[in-house]
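Notes to accompany the following structure.
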Amino acid sequence: AQSVSQHNHHVILSEAASLELGCNYSYGGTVNLFWYVQYPGQHLQLLLKYFSGDPLVKGIKGFEAEFIKSKFSFNLRKPSVQWSDTAEYFCAVTTYSSASKIIFGSGTRLSIRP
Amino acid sequence: DAGVTQSPTHLIKTRGQHVTLRCSPISGHKSVSWYQQVLGQGPQFIFQYYEKEERGRGNFPDRFSARQFPNYSSELNVNALLLGDSALYLCASSSQGTKTQYFGPGTRLLVL
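Those protein sequences? They're chains A and B, same order as listed.
Residue 1 is where the first sequence starts when you use the numbering used here, and the numbers rise one by one after that.
Residue 1 is where the second sequence starts when you use the numbering used here, and the numbers rise one by one after that.
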């Protein structure tokens, strides 16, 4: 069965630090990849997505992610975090055969120290 | 434009009861999906409906059912509630041919 692994359960950073959140998926075929963010008290929002083409995708609020097919990874990065980036981040995948079913990772809680 | 809306926002039920959760998709979206998010975990897929037909089902017992109406809104029904059904229930909508789902604020269900 397909699965998504986010190895960092809780990450704590100071403002202006660089961020990288890991995400690995298990599926050998064509995938669509997503990062969603859930700010405190708010609903799940799409941060960025990869369907095809350039493996380096840019999203909102200065976030980017790189798809490395050989490593089955889709890590999220941001060069300089802000206190407002405090949130829960979810990596997710859909497959060609199950495009309607999003498979989410367990999430990474990001805490930013002001 | 309004996003995905869900009602109610919070709900408290007791074991064995039945619950109905409602979702209205973004205008123009014909596909609705339901997810269950237990505290500390990522959302888990329950159902997807498109044009009033079930197009996908996750690994949930038959106590969970759903339907979609002609206006593309949807209901999720859960019978014989268990304590473990306590969770945030999310609805997401998407338009035909796209691979992106947009989520509503969720309904938080507490089963006592």
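Ideal placement from N, C-alpha and C gives every residue a C-beta, glycine not left out.
Secondary structure at K61/A: helix, using DSSP grouped into helix, strand and coil.
At a cut-off of 8 Å between beta-carbon atoms, P25/B makes no contact with chain A. Bounds of the beta strand (DSSP E) holding R77/A are S73 to K78.
Taking 8 Å as the CB threshold, P105/B lines the interface with chain A.
Residues of the region 43-57 of chain B with a Cβ closer than 7 Å to any Cβ of chain A, in chain order: P43, F45, Q48, R55 and G56. Under the Cβ distance rule, F51/A counts among the residues neighbouring chain B, one pair being separated by less than 8 Å. Interface criterion met: the Cβ of K99/B is under 8 Å from a Cβ in chain A. In chain B, no part has a C-beta under 7 Å from the C-beta of L21/A; the shortest such distance is about 13 Å.
At a C-beta separation below 7 Å, S84/A has no neighbours in chain B, since its nearest C-beta there lies roughly 19 Å away.
With distances taken between CA atoms, Y36/A lies nearest to Q45/A out of C23/A, Q45/A and A1/A. Taking 8 Å as the cut-off, the Cβ atoms of K49/A and L33/A count as close. Residue pairing by DSSP places F104/A opposite A92/A in a beta bridge.
Here the C-alpha atom of Y72/B lies approximately 12 Å from the C-alpha atom of A66/B. Chain B places a beta carbon closer than 8 Å to that of K101/A, counting this residue as a contact. Using a CB distance cut-off of 8 Å, Q36/B does not count as an interface residue toward chain A. In the DSSP assignment, the residues bridged to Q36/B are Q44/B and Y89/B. Cβ neighbours of H18/B within its own chain (closer than 6 Å, five residues either side excluded): N79. Using a Cβ-Cβ cut-off of 8 Å, L83/B does not count as an interface residue toward chain A, since no Cβ of chain A sits closer than that to its own. With a threshold of 8 Å between beta carbons, L46/A makes contact with chain B. Residue environment: D54/A is assigned as exposed (fewer than 16 neighbouring CB atoms within 10 Å of its CB, all protein chains considered).
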